[in-house]
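Chains A and B, in that order, are what the protein sequence lines are.
Per this note's numbering, the first sequence runs over residues 280 to 426.
Per this note's numbering, the second sequence runs over residues 7 to 164.
Accompanying notes for the structure given below.
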Amino acid sequence: MQQFAALLRSKDMQPLRYLVVDDSIFARKNLTKMIESFGGRLAGEAGDGCTAITEYSRTLPDLVLMDIIMPNMEGIEASERIVRLHPQARIVMVSSVGYQENIIAALQKGARHFVQKPVKPEVLYDVVKYVMAEDGTTLTAAAGAAS
Amino acid sequence: MKLELIQPFINAADAVLAQTLACSTRVANVSMEEQAYRRRGVAALVTVKGDIEGRIVFDLEPRTAMKVACTLAGGELPESDEVVHETICELANQVIGNAITTLNDQGFRFRVQPPQVHTAEHGMGSSEDTEALVMCFDTPSGRVFMNIALRLGARPKA
Numbered sequence: 280m281q282q283f284a285a286l287l288r289s290k291d292m293q294p295l296r297y298l299v300v301d302d303s304i305f306a307r308k309n310l311t312k313m314i315e316s317f318g319g320r321l322a323g324e325a326g327d328g329c330t331a332i333t334e335y336s337r338t339l340p341d342l343v344l345m346d347i348i349m350p351n352m353e354g355i356e357a358s359e360r361i362v363r364l365h366p367q368a369r370i371v372m373v374s375s376v377g378y379q380e381n382i383i384a385a386l387q388k389g390a391r392h393f394v395q396k397p398v399k400p401e402v403l404y405d406v407v408k409y410v411m412a413e414d415g416t417t418l419t420a421a422a423g424a425a426s
Numbered sequence: 007m008k009l010e011l012i013q014p015f016i017n018a019a020d021a022v023l024a025q026t027l028a029c030s031t032r033v034a035n036v037s038m039e040e041q042a043y044r045r046r047g048v049a050a051l052v053t054v055k056g057d058i059e060g061r062i063v064f065d066l067e068p069r070t071a072m073k074v075a076c077t078l079a080g081g082e083l084p085e086s087d088e089v090v091h092e093t094i095c096e097l098a099n100q101v102i103g104n105a106i107t108t109l110n111d112q113g114f115r116f117r118v119q120p121p122q123v124h125t126a127e128h129g130m131g132s133s134e135d136t137e138a139l140v141m142c143f144d145t146p147s148g149r150v151f152m153n154i155a156l157r158l159g160a161r162p163k164a
């Protein structure tokens with residue numbers, strides 16, 4: 280997989296920690312490979328919205344990559360609940376179902392961005408950079424490739 | 007079956023397969039299925055409810071499924087049915103999700119369930135109100151089949 284300049288937290292220069300939420304193990308593995316190519320680390324993973332809420336509170340990641348259509352609780356509802364509990368949460372929806380109504384609902388419930396599957400690593404990288412830079416608290420693209 | 011329902015699936019399959027398999031694909035065949043659906047190998051089923059109702063089966067012969075799963079995983083996979091099934095379900099999710107996105111943006115409102123591994127040998131074929139259409143895509147890994155049985159429910163919103 281293509282390697283990208285590592286995205287680090289500016290406050291401590293540590294790798295970004297991600298929570299990956301998707302009911303597909305394959306999709307979680309694929310996203311994990313991508314975030315590793317961005318120099319990030321997997322803080323936790325979940326296969327449904329309910330587990331995502333618990334895992335968020337347990338791991339307090341820098342960023343959540345959240346699928347929409349999942350069993351038990353869908354991603355938009357899980358995002359709303361996470362943001363209610365943790366207003367600083369940064370959530371990027373990653374789904375193959377990317378119609379306008381869904382995107383608007385996700386953004387209204389607190390998601391910061393939307394990426395449509397199949398995910399292009401360069402697109403996700405730019406979105407992560409954008410979302411992390413939004414607060415002005417985190418983000419440094421280290422020179423050279425991620426290790 | 008109306009072309010407006012079918013075209014988004016052809017476009018989505020073409021785009022998603024080409025991107026994920028990093029290859030060019032070709033629609034080899036589109037035909038009506040008069041008989042009950044008969045599974046070819048590793049299959050994922052997605053059901054749809056709302057303005058459009060029915061089901062879509064994404065189906066690959068076992069050897070093709072293994073090749074596709076290896077391509078998507080970026081290397082050899084263990085001889086595990088679970089990994090192959092999981093990969094084909096996610097590919098189905100991406101193709102069908104993209105088609106559904108187009109249909110939603112055209113005004114159709116409906117809900118989909120997450121893909122499930124389809125293990126039954128046979129399934130619903132065409133009926134009086136639901137025609138089943140089979141699309142076949144040629145890829146370097148082999149043929150990918152999509153069996154679509156949809157019907158219009160309520161009229162879409164303007």
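Glycine included, every Cβ here is placed at the ideal spot set by N, Cα and C.
Burial state of residue i (16 or more Cβ within 10 Å)
{"i": "residue 383/A", "result": "exposed"}
{"i": "residue 401/A", "result": "exposed"}
{"i": "residue 354/A", "result": "buried"}
{"i": "residue 31/B", "result": "buried"}
{"i": "residue 92/B", "result": "buried"}
{"i": "residue 398/A", "result": "buried"}
{"i": "residue 423/A", "result": "Because residue 423/A sits at a pLDDT of 49, beneath the cut-off of 50, its placement in the model cannot be relied upon, and the point is left open."}
{"i": "residue 225/A", "result": "Because chain A spans 280 through 426 in this model, residue 225/A falls outside it and cannot be assessed."}
{"i": "residue 341/A", "result": "buried"}
Nearest residue (CA-CA) to residue i, options the options
{"i": "residue 125/B", "options": "87/B, 159/B and 142/B", "result": "87/B"}
{"i": "residue 371/A", "options": "352/A, 351/A and 396/A", "result": "396/A"}
{"i": "residue 8/B", "options": "26/B, 52/B and 38/B", "result": "38/B"}
{"i": "residue 344/A", "options": "280/A, 333/A and 311/A", "result": "311/A"}
{"i": "residue 114/B", "options": "59/B, 153/B and 47/B", "result": "59/B"}
{"i": "residue 106/B", "options": "78/B, 154/B, 47/B and 137/B", "result": "154/B"}
{"i": "residue 14/B", "options": "108/B, 68/B and 122/B", "result": "108/B"}
{"i": "residue 95/B", "options": "68/B, 48/B and 70/B", "result": "48/B"}
{"i": "residue 300/A", "options": "378/A, 386/A and 356/A", "result": "356/A"}
{"i": "residue 40/B", "options": "156/B, 158/B, 157/B and 137/B", "result": "137/B"}
{"i": "residue 348/A", "options": "338/A, 405/A, 303/A and 366/A", "result": "303/A"}
{"i": "residue 374/A", "options": "284/A, 404/A and 392/A", "result": "392/A"}
{"i": "residue 305/A", "options": "69/B, 27/B, 127/B and 97/B", "result": "97/B"}
{"i": "residue 89/B", "options": "386/A, 307/A, 282/A and 408/A", "result": "307/A"}
Assigned secondary structure, residue i (DSSP; H/G/I helix, E/B strand, else coil)
{"i": "residue 142/B", "result": "strand"}
{"i": "residue 395/A", "result": "strand"}
{"i": "residue 337/A", "result": "helix"}
{"i": "residue 389/A", "result": "coil"}
{"i": "residue 159/B", "result": "coil"}
{"i": "residue 356/A", "result": "helix"}
{"i": "residue 30/B", "result": "coil"}
{"i": "residue 122/B", "result": "strand"}
{"i": "residue 351/A", "result": "coil"}
{"i": "residue 375/A", "result": "coil"}
{"i": "residue 294/A", "result": "strand"}
{"i": "residue 79/B", "result": "helix"}
{"i": "residue 346/A", "result": "coil"}
{"i": "residue 61/B", "result": "strand"}
{"i": "residue 307/A", "result": "helix"}
{"i": "residue 55/B", "result": "strand"}
{"i": "residue 313/A", "result": "helix"}
{"i": "residue 426/A", "result": "The predicted position of residue 426/A is uncertain, since its pLDDT is 43 and thus under 50; a value taken from the coordinates is nonetheless stated next. Coil, per DSSP."}
Close Cβ partners of residue i (< 7 Å) along its chain, the five nearest in sequence each way excluded
{"i": "residue 16/B", "result": "33 and 141"}
{"i": "residue 351/A", "result": "327, 328 and 329"}
{"i": "residue 404/A", "result": "283 and 317"}
Chain C residues whose Cβ lies nearer than 7 Å to that of residue i
{"i": "residue 348/A", "result": "Absent here is chain C; the protein component of the structure consists of chains A and B."}
Cβ-based neighbour list, residue i, same chain, cut-off 8 Å, excluding 5 preceding and 5 following
{"i": "residue 46/B", "result": "65, 66, 67 and 151"}
{"i": "residue 364/A", "result": "332, 335 and 336"}
{"i": "residue 139/B", "result": "7, 12, 36, 37, 38, 39, 153, 154 and 155"}
Beta-carbon proximity list for residue i, same chain, < 6 Å, skipping 5 on both sides
{"i": "residue 11/B", "result": "156"}
Residue i Cβ short of 7 Å to the ligand MG heavy atom set
{"i": "residue 138/B", "result": "In terms of ligand content, the structure shown is empty, and the ligand MG therefore cannot be addressed."}
Practice prompt. Indicate whether the contact test is met: 3 or more Cβ pairs, each with one atom in the segment 102–121 of chain B and one in the segment 320–338 of chain A, closer than 8 Å.
Written response: Two segments are said to touch when three or more pairs of C-beta atoms, one from each, lie closer than 8 Å; by this definition the segment 102–121 of chain B does not touch the segment 320–338 of chain A.
Item to complete: Check whether the segment 86–102 of chain B touches the segment 350–364 of chain A, counting contact only when three or more Cβ pairs, one atom from each stretch, lie closer than 8 Å.
Response: Segments in contact, no.
Worksheet entry | Sufficient close CB pairs (3 or more, under 8 Å) joining the segment 66–83 of chain B to the segment 143–150 of chain B | Three or more beta-carbon pairs separated by less than 8 Å link the segment 66–83 of chain B to the segment 143–150 of chain B, which places the two stretches in contact.
Worksheet item: How about the segment 304–324 of chain A and the segment 17–27 of chain B: do they share at least three Cβ pairs that are nearer than 8 Å?
Response: With contact defined as three or more Cβ pairs closer than 8 Å, the segment 304–324 of chain A and the segment 17–27 of chain B are not in contact.
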